[in-house]
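Scroll down for the structure; my scribbles are underneath it.
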Amino acid sequence: MELEVCLSPALYPAYRQENDRVIVVDVFRATTTICAAFANGARAIIPVAGIQDAERYKAQGFPV
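Under the numbering used here, read the sequence shown as residues 440 to 503, first letter to last.
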């Protein structure tokens, strides 16, 4: 597994690869990130309180 850090939504196309899994941590620009995700085809964004919640969504087939 390879982990890359992209510090700006504008730079994401330079990192994008087929079958990506993306984790977004954005405390200061959450609304900007949500809007960019929808503009780029995201169908839903589900905020979770912690890793266990994210793992439950993953077990249900959601991309996490």
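Each residue gets a CB set at the ideal place from its N, CA and C atoms; glycine is no exception.
Determine the direct distance from the alpha carbon of Ala481 to that of Leu442, and round the result to whole angstroms.
-> Along the sequence shown, one-based indexing puts residue 442 at 3. Along the sequence shown, one-based indexing puts residue 481 at 42. Straight-line Cα distance between these residues: approximately 21 angstroms.
What residue from Pro502, Val444, Arg495 and Pro448 has the CA that sits closest to Cys474's CA?
-> Taking the first residue of the sequence shown as 1, we reach residue 474 at position 35. Residue Pro448 is the option with its Cα nearest to Cys474.
If you draw a straight line from the C-alpha of Ala469 to the C-alpha of Pro452, how long is it?
-> Reading the sequence shown from its first residue, position 30 is the one you call residue 469. Reading the sequence shown from its first residue, position 13 is the one you call residue 452. Cα-Cα distance, rounded: 19 angstroms.
Best match in Ile485, Glu457 and Gln456 for proximity to Val463 [C-alpha to C-alpha] | Residue mapping note: residue 463 aligns to position 24 of the sequence shown, counting from 1. The option with the nearest alpha carbon to Val463 is Ile485.
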